[in-house]
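**Student:** What follows is a single structure, and I will ask about it in a moment.
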Amino acid sequence: MHTVILVLIEVLIVIGLSRLAGLVFKSIKQPLVIGEIVAGIMLGPSLFGLVAPHLAATLFPAETLPFLNVLSQVGLIFFMFLIGLELNPKYLSGQLEVAVLTSHVSILVPFSLGTLLALLLYPLVSNASVSFTAFALFLGAAMSITAFPVLARIITENNLQGTRLGTLALTCAAVDDVTAWCLLAVAIAVAKEGSVISAFPTIIQSLVYIVFILTVGRWFLQRLERHYQRTKRLSQLLVALIYMGVVASALIAEVIGIHLIFGAFLLGAAMPKNADLVRELAEKTEDFVLVFLLPVFFAYSGLRTQIGLLNRPNLWLLCALVLAVAIAGKYIGTYVAARVSGINNREASALGWLMNTRGLTELIVLNIGLELGVISPLVFTMLVIMALVTTFMTSPLLEWTYPKRLIRLDIVEPEPQEKIATTNDGESSRPYRILVPVANPSTQKGLLQLAVAIALNDQQPAVVNPLSLIELEEDYAFESTPVEANRLIAQRRAQLEDLINTLEPPIIRSYVHPIVRTSSNVARETAEIAKIEQPDLILVGWHRPAFSNNRLGGRVGQILSTAPVDVAVFVDRGGEQLEKLLVPYSANIHDDLALILALRLLINRDTSMLQILQVVAENHIQDELSYDLHAMIRQLPTSVRDRIEIKIVEATEPIQAVVAASEGVDLTIAGTSRAWGIERQTLGRYTDALAIQCRSSLLITRRYSQITSHLASVLSEVSNPESILSN
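If you read the sequence shown in the working numbering, its first letter stands for residue 1, the second for the next number, and so on.
Given below as structure tokens:
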């Protein structure tokens, strides 16, 4: 088979498997990069070569490896350019003195431990062709690395960028990044020249080139920025000039005697940080690099990772020792320095776990060491395992040390003091709270109006929280950097404020307080926020799922299934009136919630009318259900009771009876009940006949717990009607 065709087939397999593995790991709250690294290892001798050696040799023969290497090197050059481009000076603006101390100690301790570990490993896993100095420097550098892109992504996903911990972690990682790359440059120079003294000219040339880029190079780049500001667009000519600069800088770094990636990183760091220019350049560059080139690098690394080399218990013990030294060195160094700087115990511990993130940056370092022959394939495999474990453990350990319920996000505007109502016995009542996920502020005014109508009255304090989650879909993408995430949050908050300002009358706007956050999984994050905020109700708008015609599928279905509170789904037909309400009632807990919300609307709005529709089979004898309904209604004030009509109809098809009744009302409220064709089935499949056929706007209710009270505080002077429905 022609080599080029074979390489293209390899790339096809690599991209597909990387995406698939990445999605699997994202589903368990892990960075996409973990899945992509694992996918690369799966394609190598550790799995594919072990299970199907002949097929692996056919698909990934030795003659194609140089082509994969070229693609991966090009990918690394432009990825390092992106890292430098996105290394914003704003990250160095907070707690710089503390960050510099913490960062350098977090490098010094693991570097020192790595050097001591080299004394043990060098005679066991290295050979005389490699100098001990070079081996120790590389092992120390590998222990010291923190992957800034992965750490930034974790901070953004956890909405920590506005907290003291997040700001400090970003500053530490930025300082760490620059220092660690300098250490690695020295290690490369020593490895190539054989000793520190011989490497001295290379180090001097590197310093001269750095000064050149930060002076002459930056002057030229600023001219390009001024051109961009005049034209307001990044033309192909401008992109070509920048890309030529990236490649030229990489080549100069290689000629000097360090590595291609340093030149690319340096040019990215020197680029003017004009927000629009950086955003447009990053967006033009990152898709091809992240989707096409980086997975090839992961595959190339995986083909050189041979877990089978760890074929004796003593080698696994050495691997465990490498892992322990890497984790302990980074954690202890960070923790002690942070505590000395006055950081509290919880934040110092969380910072230690964050700085342990190594990810792709570690993989880059290891591949350089393997290419130079400083580390053997056995040590390479041990350190790849270390990189995977330390990255994998960061998110769960961060959540354990610094759970989301303890995070106070600066990006969420402080809510004004809520009104406090008092009950008859003088105790203050808890505000009634509705959480309203808003995917598109420009089209969901009706959803917010309904939430306000359900929540607000004169008897009980209430808060409506429009929740807008900005979904981050890709690792390393520019939108997931904290600076860009803050811009997107501010933009979305402004859109929500514009929406709130359209609500009438103006007095109700003070009860509506938006929450804007970033997330990698909207449904899961909504459920987690519900646990923290403890709303009485989640009111979500219906939208058609991307891959299904099911009304209650997709994210809506996930929220219905996972949210630990009562949920209502609003199918908006466009009507703004809430004067005529219809509740088809069949005596189950979900219909109970439908009726309770209808009664709350009735109490809050003096002009609303409610029809309770009971559908019975022909010749069916009326049972005690009607007694329960009447008993509940008798508990209500006369002003509310007079606006309720109970209607009993005989019909063989309950859905058609409800559809006919919905013709003349503004809002139908129905539980997720088999009778109405919208019951949640065992396998998560929904039928939604009523949602499709209903003539009015429709509110579909799912009750989570019968303990939740939606009426007790409103009707404190009478017995709780909800207790009757729950019996």
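We put the beta carbon where it would ideally sit given N, CA and C, even for glycine. A quick note: this is a predicted structure, and the numbers were derived from the prediction, not measured.
Given a threshold of 16 other Cβ atoms within 10 Å of its Cβ, counted over all protein chains shown, does Arg-703 qualify as buried or as exposed?
**Tutor:** Numbered from its first residue, the sequence shown carries residue 703 at position 703. So Arg-703 ends up on the buried side.
**Student:** Please classify Tyr-404: does DSSP put it in a helix, a strand, or coil?
**Tutor:** By 1-based counting over the sequence shown, the position of residue 404 is 404. Just to set this straight, residue 404 is Lys in the shown sequence, not Tyr. It is helical.
**Student:** How should Thr-381 be labelled, buried or exposed, when 16 other C-beta atoms within 10 angstroms of its C-beta is the threshold for buried?
**Tutor:** Working through the sequence shown from its first residue, we reach residue 381 at position 381. Buried, since its Cβ has 16 or more Cβ neighbours within 10 Å.
**Student:** Could you check whether Thr-361 and Leu-82 sit closer than 8 Å to each other, using their CB atoms as the reference points?
**Tutor:** Reading the sequence shown from its first residue, position 82 is the one you call residue 82. Reading the sequence shown from its first residue, position 361 is the one you call residue 361. Cβ distance not < 8 Å, so Leu-82 and Thr-361 don't count as in contact.
**Student:** Short check: CB of Leu-472 to CB of Ser-520, under 8 Å?
**Tutor:** In the sequence shown, the residue the question calls residue 472 occupies position 472. In the sequence shown, the residue the question calls residue 520 occupies position 520. Yes, the pair counts as a contact, with Cβ atoms nearer than the cut-off.
**Student:** Where in the stretch 435-479 do unbroken runs of the beta strand (DSSP E), each at least 3 residues long, occur, reported from the N-terminal end onward?
**Tutor:** Listed in chain order, they are 462-471.
**Student:** Tell me whether the stretch 229-238 and the stretch 152-166 touch, counting them as touching only if at least three CB pairs, one residue from each stretch, are closer than 8 Å.
**Tutor:** Because the criterion of three Cβ pairs below 8 Å is not met, the stretch 229-238 and the stretch 152-166 do not touch.
**Student:** Measuring CA to CA, which of Ser-18, Glu-528 and Ser-510 is closest to Gly-40?
**Tutor:** Sequence index remark: in the sequence shown, residue 40 carries index 40 (1-based). That would be Ser-18, whose Cα lies nearest to the Cα of Gly-40.
**Student:** Distance, Cα to Cα, Ser-662 vs Ala-670?
**Tutor:** Start at 1 with the first residue of the sequence shown, and residue 662 comes out as number 662. Start at 1 with the first residue of the sequence shown, and residue 670 comes out as number 670. Cα to Cα, the separation comes out at about 11 Å.
**Student:** Given a threshold of 16 other Cβ atoms within 10 Å of its Cβ, counted over all protein chains shown, does Thr-502 qualify as buried or as exposed?
**Tutor:** In the sequence shown, residue 502 corresponds to position 502, counting from 1. So Thr-502 counts as exposed.
**Student:** In the DSSP assignment, what are the bridge partners of Tyr-432?
**Tutor:** Residue numbering aside, residue 432 sits at position 432 when the sequence shown is read from its first letter. Tyr-432 pairs with Ala-462.
**Student:** Taking the continuous beta strand (DSSP E) assigned at Met-271, which residues delimit it?
**Tutor:** For the purposes of this step, residue 271 is taken as the residue at position 271 of the sequence shown. No beta strand (DSSP E) holds Met-271; DSSP gives it neither H nor E.
**Student:** Tell me whether the beta-carbon of Phe-48 lies closer than 8 Å to the beta-carbon of Ala-56.
**Tutor:** To locate residue 48, count along the sequence shown from 1; it is residue 48. To locate residue 56, count along the sequence shown from 1; it is residue 56. Taking 8 Å as the Cβ cut-off, Phe-48 and Ala-56 qualify as a contacting pair.
**Student:** Entirely within the stretch 634-677 and at least 4 residues each: give me those alpha helix (DSSP H) ranges in chain order.
**Tutor:** For the stretch 634-677, whole alpha helix (DSSP H) runs of length 4 or above, ordered along the chain, are 638-641 and 654-662.
**Student:** When burial is assigned at 16 or more other CB atoms within 10 Å of the CB, is Thr-668 buried or exposed?
**Tutor:** Indexing the sequence shown from 1 puts residue 668 at position 668. Counting Cβ neighbours within 10 Å, Thr-668 comes out buried, since at least 16 surround it.
**Student:** Exposed or buried, which one is His-710 when buried takes at least 16 other CB atoms within 10 Å?
**Tutor:** As a working note, residue 710 is residue 710 in the sequence shown. Burial call: buried.
**Student:** How close, in whole Å, do the beta carbons of Thr-102 and Cys-182 come, if the pair is a contact with beta carbons under 8 Å?
**Tutor:** Translated into positions along the sequence shown, residue 102 becomes position 102. Translated into positions along the sequence shown, residue 182 becomes position 182. With 8 Å as the limit, Thr-102 and Cys-182 do not qualify as a contact, their Cβ atoms being about 18 Å apart.
**Student:** Compute the Euclidean distance between the alpha carbons of Glu-576 and Tyr-243, then round it to the nearest angstrom.
**Tutor:** Looking up residue 576 in the sequence shown gives position 576. Looking up residue 243 in the sequence shown gives position 243. One C-alpha to the other measures close to 54 Å.
**Student:** CB Pro-466 to CB Pro-431, shorter than 8 Å?
**Tutor:** Indexing the sequence shown from 1 puts residue 466 at position 466. Indexing the sequence shown from 1 puts residue 431 at position 431. Against a cut-off of 8 Å, the Cβ pair of Pro-431 and Pro-466 comes out as no contact.
**Student:** Let me make sure I understand the geometry here. Which of Leu-560, Gly-446, Ser-249 and Val-615 has the alpha-carbon closest to that of Phe-221?
**Tutor:** What you label residue 221 is simply residue 221 of the sequence shown in a count that begins at 1. The displayed chain sequence assigns Leu, not Phe, to residue 221. Measuring from the Cα of Leu-221, the nearest candidate turns out to be Ser-249.
**Student:** Determine, using beta carbons only, whether Ala-568 and Ile-700 come nearer to each other than 8 Å.
**Tutor:** Within the sequence shown, residue 568 is the residue found at index 568, counting from 1. Within the sequence shown, residue 700 is the residue found at index 700, counting from 1. It is a contact, given that the beta carbons lie within the stated cut-off.
**Student:** Between which two residues does the alpha helix (DSSP H) harbouring Gly-329 extend?
**Tutor:** In the sequence shown, the residue the question calls residue 329 occupies position 329. First-last of the alpha helix (DSSP H) with Gly-329: 313-340.
**Student:** Starting from the C-beta of Ile-411, find all residues in its chain whose C-beta is less than 6 Å away, skip the five residues before and the five after it, and write them out in chain order.
**Tutor:** Position 411 of the sequence shown, counting from 1, holds the residue named residue 411. Its pLDDT being 39, under 50, Ile-411 is placed unreliably by the model, and the measurement read from it follows with that caveat. Excluding residues within five positions, the ones whose Cβ falls inside 6 Å are Gly-162 and Ile-489.
**Student:** For Ala-387, which option in Arg-226, Leu-560 and Ile-37 has the closest C-alpha, if you only look at C-alpha atoms?
**Tutor:** Along the sequence shown, one-based indexing puts residue 387 at 387. Closest option to Ala-387, Cα to Cα, is Ile-37.
**Student:** Keeping to the same chain, check which residues put their C-beta closer than 7 Å to that of Ala-451; ignore five residues upstream and five downstream.
**Tutor:** Here the question's residue 451 lines up with position 451 in the sequence shown. Contacts found: Ile-434, Val-436, Val-464 and Leu-539.
**Student:** I need the straight-line Cα distance from Ala-52 to Gln-306, nearest angstrom please.
**Tutor:** Taking the first residue of the sequence shown as 1, we reach residue 52 at position 52. Taking the first residue of the sequence shown as 1, we reach residue 306 at position 306. In a straight line, the C-alpha of Ala-52 is about 15 Å away from that of Gln-306.
**Student:** Over what stretch of residues does the alpha helix (DSSP H) that includes Leu-539 continue unbroken?
**Tutor:** Here residue 539 is taken as the residue at index 539 of the sequence shown, counted from 1. Run containing Leu-539: none in the alpha helix (DSSP H); it sits in the beta strand (DSSP E), 537-541.
**Student:** Let's see if you can read the secondary structure: which residues bound the beta strand (DSSP E) around Ile-203?
**Tutor:** Numbered from 1 along the sequence shown, position 203 holds the residue referred to as residue 203. First-last for Ile-203: 196-212, but that is the alpha helix (DSSP H), not the beta strand (DSSP E).
**Student:** Starting from Ser-106, trace the alpha helix (DSSP H) both ways and give me its first and last residue.
**Tutor:** Translated into positions along the sequence shown, residue 106 becomes position 106. Segment 96-125, the alpha helix (DSSP H) holding Ser-106.
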